[in-house]
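See structure below.
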Amino acid sequence: MLSTILISFGNFFINYHLSQELEVILYGEFSLIFSTIALIVPLILLGQPVSITSIYFSDEKKGCNNVAVEMSISYKIMLFAFLVVSVVTLSIWKWGFEEQYAFSFVSLFLLSVLAYAFYTYFLNIVVIFDRYKIYFSVALLSTAVLIANIVFNPSIEGYFFGLIASSLILILVGLYLHKENKALELKSSIFPTKELLMLGWAAIPGMMISTLNSYIDRYAINYFLDLEKVAYYSLAATLGVGIGNVLITSLLKGSSISMLQSLQENKVAKYLKVQKNILTLLFSLAFISVVLYELLGADIILLIFSEKYRLSIEYIMPLFLIIVLNGIATLYAQPLVQKKKLYVLLYISIFVVVINIVLNILLIQTLGVKGVIVAMFFATLVNLYYVFHYSKKNFIWLKFPYLPVAIISILEIWSLV
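In structure tokens:
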């Protein structure tokens, strides 16, 4: 859990530091580039982190930890995907962005995307291998390298260099773990390339759509409003989403492996206990945050984070509460991952992103930036409902968290008005 906090803190610090160092418009541009990286990475991953996780915790691999062959297949899939993405990206750049961005900038962008894709993949490997001491050491070192690059070179290019350098650390560790895993006795059949691709194809649209669902707000604001509004919204997201991810992502990452193992071993009582504890923590976090926000007010935020955030204050708490609700949805998605029902998450994601896009178009022109938040809030509730609904089909003993969701939703509405 501490390792995930370190990584999430690193991402938060980068966004915060650049928000202070860059001009508002340039920070808006960085936010769009950051969103684009997040959107392209799933195209390179092709769902391989989810594929490996599903295989590792599948019924077929029960009692067997050797997935070295499947990992090698994943590398080839990802490298081929990167070549395709690079050709498409360079073609788009040549066609419409050559005057705006130099070739060196685009090349650095692509290297950053590749590095971050493998970083994401190997981070998942370290977690599912249950190597938490290594996880902490790598998290500490890679976060320090990333932060150092941003502090000494607070620019978009500085972010690219930091991302590449910090990713290389984890990639080397991941390759070492692969070699170590390869030496284990193989006790079960190997999942072929076709199986990895099938699991990956089921996951990649869901990953892309989930990412698009997370970043469509910035593109919508830029299209319907202007880049300055993107910047102020991104400033709010730096605190609301950034702090939310530090706390909530850390909590979920620290518990997800325990929950997947409980499902694999059919230990219902253990799973429900972990789930209940996480729900209690998420609800408490949401409630306490709103109380502190109302008591201390905007002046404390401006005092700590500077006057740049004045026009962003009203968006911070609503964004934070949406992250909490999304955390609950992620919690209830674990049974679908364990049962390899990734296509279900895909269908849900497609439905949710369509709702989000339609609501953005309808609401942003009348409510402005708040319209984006309302759209995201409603889409998150729809996602939570359908994730629970299909998870319950596999595990009928699951119960919907009506009370926490209802109270958090009321707090969300309160913070918006």
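In our numbering, the protein residues as written are -2 to 414.
No residue lacks a Cβ here, since even glycine has one placed at the ideal position from N, Cα and C.
By the DSSP assignment, the alpha helix (DSSP H) with Phe126 in it spans what residues?
The residue labelled residue 126 in the question sits at position 129 within the sequence shown. Counting along the chain, Phe126 falls outside any alpha helix (DSSP H), and DSSP gives it neither H nor E.
Does Ala99 come out as helix, strand or coil in the three-state DSSP assignment?
As a position in the sequence shown, residue 99 is number 102, starting the count at 1. Coil.
DSSP state of Lys396, grouped into three classes?
On the sequence shown, position 399 is the one that residue 396 refers to. Residue state, collapsed to three classes: coil.
Relative to the C-alpha of Tyr132, which residue among Leu143, Leu120, Val142 is closest?
Position 135 of the sequence shown holds residue 132. The residue with the shortest Cα to Cα distance from Tyr132 is Leu120.
Between Tyr116 and Leu42, which are expected to be in contact by the criterion C-beta below 8 Å, what is the C-beta distance as a whole number of angstroms?
Along the sequence shown, one-based indexing puts residue 116 at 119. Along the sequence shown, one-based indexing puts residue 42 at 45. Rounded, the Cβ-Cβ distance is 10 Å, inconsistent with contact.
For Lys390, does the three-state DSSP call read helix, strand or coil?
Locating residue 390 in the sequence shown gives position 393, where the first residue counts as 1. Correct three-state label for Lys390: helix.
Taking only three categories from DSSP, how would you classify Ser152?
Position 155 of the sequence shown, counted from the start, is the residue given in the question as residue 152. In the structure shown, Ser152 sits in coil (DSSP, three-state: anything other than H, G, I, E or B).
Have a look at Ser164, Val110, Ile285, Gly324 and flag the residue whose alpha-carbon is nearest the alpha-carbon of Ile30.
Residue mapping note: residue 30 aligns to position 33 of the sequence shown, counting from 1. Answer by Cα proximity: Val110.
Suppose contacts are defined by Cβ-Cβ distances below 8 Å. Is Ala217 in contact with Asn323 by that definition?
Sequence index remark: in the sequence shown, residue 217 carries index 220 (1-based). Sequence index remark: in the sequence shown, residue 323 carries index 326 (1-based). No, the Cβ-Cβ distance between Ala217 and Asn323 is not below 8 Å.
So for Asn219, helix, strand or coil by DSSP?
Within the sequence shown, numbered from 1, the residue matching residue 219 stands at position 222. Note: Asn219 maps to helix in three-state DSSP.
Nearest CA to the CA of Met68: which residue from Ser48, Leu299, Ala78?
Residue numbering aside, residue 68 sits at position 71 when the sequence shown is read from its first letter. Ranking Ser48, Leu299, Ala78 by Cα distance to Met68 puts Ser48 first.
What did DSSP end up calling Val265 once you bin it into helix, strand or coil?
The residue given as residue 265 occupies position 268 in the sequence shown. Of the three classes helix, strand and coil, the one that applies to Val265 here is helix, per DSSP.
Does Glu67 come out as helix, strand or coil in the three-state DSSP assignment?
Taking the sequence shown and counting its residues from 1, the one referred to as residue 67 is at position 70. Helix at Glu67.
Looking at Leu282 and Val238, is the spacing between their C-beta atoms short of 8 Å?
Taking the first residue of the sequence shown as 1, we reach residue 238 at position 241. Taking the first residue of the sequence shown as 1, we reach residue 282 at position 285. For Val238 and Leu282, no; Cβs fall outside 8 Å.
For Glu177, count the other beta carbons within 10 Å of its own beta carbon; 16 or more makes it buried, fewer makes it exposed. Which is it?
Position 180 of the sequence shown, counting from 1, holds the residue named residue 177. By the 10 Å Cβ count, Glu177 comes out exposed.
From Val84, Val227, Ser406, Met75, pick the residue whose C-alpha is nearest to that of Gly25; which is it?
In the sequence shown, residue 25 corresponds to position 28, counting from 1. Taking only the C-alpha atoms, the option nearest Gly25 is Val227.
With a 10 Å radius around its C-beta and 16 neighbouring C-beta atoms as the bar for buried, classify Ser173 as buried or exposed.
For this step, residue 173 is matched to residue 176 along the sequence shown. According to the sequence provided, residue 173 is Tyr. The question's Ser does not apply to it. Exposed, by the Cβ-count rule.
Can you list, in chain order, the residues of its chain whose CB lies under 8 Å from that of Ile213, leaving out five sequence neighbours each side?
Position 216 of the sequence shown holds residue 213. So the list reads Val350, Asn353, Ile354, Asn357, once near-sequence residues are dropped.
Between the C-alpha atoms of Lys389 and Asn274, what's the straight-line distance to the nearest angstrom?
Within the sequence shown, numbered from 1, the residue matching residue 389 stands at position 392. Within the sequence shown, numbered from 1, the residue matching residue 274 stands at position 277. Each residue's alpha carbon lies about 19 Å from the other.
Quick one: residues in its chain with C-beta nearer than 6 Å to the C-beta of Lys179, no 5 flanking neighbours on either side, listed in chain order?
The residue given as residue 179 occupies position 182 in the sequence shown. Cβ within range, chain order: Ala65.
For Glu20, name the three-state secondary structure that DSSP assigns.
For the purposes of this step, residue 20 is taken as the residue at position 23 of the sequence shown. Coil, per DSSP.
Hey, would you say Ile166 sits closer than 8 Å to Leu138, going by beta carbons?
Start at 1 with the first residue of the sequence shown, and residue 166 comes out as number 169. Start at 1 with the first residue of the sequence shown, and residue 138 comes out as number 141. Going by C-beta atoms, Ile166 is nearer than 8 Å to Leu138.
DSSP three-state call for Lys273: helix, strand or coil?
Here residue 273 refers to the residue found at position 276 of the sequence shown. DSSP places Lys273 in helix when its eight states are reduced to three.
When the Cα atoms are used, what is the spatial distance from Ile37 to Ala403?
Within the sequence shown, residue 37 is the residue found at index 40, counting from 1. Within the sequence shown, residue 403 is the residue found at index 406, counting from 1. Roughly 35 Å between the two C-alpha positions.
Give the straight-line distance between the Cα atoms of Gly159 and Leu143, rounded to the nearest whole angstrom.
Residue numbering aside, residue 159 sits at position 162 when the sequence shown is read from its first letter. Residue numbering aside, residue 143 sits at position 146 when the sequence shown is read from its first letter. Near 4 Å, if we compare the C-alpha coordinates of Leu143 and Gly159.
What's the call for Ala234, buried or exposed, on a 16-neighbour Cβ count within 10 Å?
Here residue 234 is taken as the residue at index 237 of the sequence shown, counted from 1. Ala234 should be labelled buried.
Take Tyr53 and list the residues in its own chain whose beta-carbon comes closer than 6 Å to its own, dropping the five residues that flank it on each side.
Numbered from its first residue, the sequence shown carries residue 53 at position 56. Within the same chain, Tyr53 has close Cβ partners Val64, Ile125.
Expressed to the nearest angstrom, what Euclidean distance is found between the alpha-carbon atoms of Gly171 and Val123?
As a working mapping, residue 171 is identified with position 174 in the sequence shown. As a working mapping, residue 123 is identified with position 126 in the sequence shown. Rounded to whole angstroms, Gly171 to Val123 spans 7 Å at the Cα level.
One question on the structure: do Tyr113 and Ile11 come within less than 8 Å of each other, judged by their Cβ atoms?
Position 116 of the sequence shown, counted from the start, is the residue given in the question as residue 113. Position 14 of the sequence shown, counted from the start, is the residue given in the question as residue 11. No; because the gap between Cβ atoms is not below 8 Å, this pair is not in contact.
Around the Cβ of Phe90, are there at least 16 other Cβ atoms within 10 angstroms (buried) or fewer (exposed)?
The residue you call residue 90 lines up with position 93 of the sequence shown. Here the sequence assigns Trp to residue 90, which means Phe is not the residue at that position. It is buried - the Cβ of Trp90 has at least 16 other Cβ atoms within 10 Å.
Between Glu225 and the rest of its own chain, which residues show a CB-CB distance below 7 Å, the 5 nearest in sequence each way excluded?
Counted from its first residue, the sequence shown places residue 225 at position 228. Taken in chain order, the residues that qualify are Val21, Ile22, Gly25.
Output needed for Val287: all residues of its chain with C-beta closer than 8 Å, excluding positions within five of it in sequence on either side, in chain order.
Along the sequence shown, one-based indexing puts residue 287 at 290. So the list reads Met314, Leu318, Leu408, Trp411, Ser412, once near-sequence residues are dropped.
Rounded to the nearest angstrom, how far is the Cβ of Ser16 from that of Lys305, given a contact under 8 Å?
For this step, residue 16 is matched to residue 19 along the sequence shown. For this step, residue 305 is matched to residue 308 along the sequence shown. Ser16 to Lys305, Cβ: 7 Å. Contact.
Do you know offhand how far Ser346's Cα is from Pro39's?
Taking the sequence shown and counting its residues from 1, the one referred to as residue 346 is at position 349. Taking the sequence shown and counting its residues from 1, the one referred to as residue 39 is at position 42. Distance between the alpha carbons of Ser346 and Pro39: 14 Å.
Mind pulling the alpha helix (DSSP H) runs of 4 or more residues that sit fully within the stretch 287 to 354?
Here the runs fully enclosed are 310 to 335.
In terms of alpha-carbon separation, which member of Ile4, Lys338, Leu308 lies closest to Val384?
Working through the sequence shown from its first residue, we reach residue 384 at position 387. Checked all of Ile4, Lys338, Leu308; the closest Cα to Val384 is Lys338.
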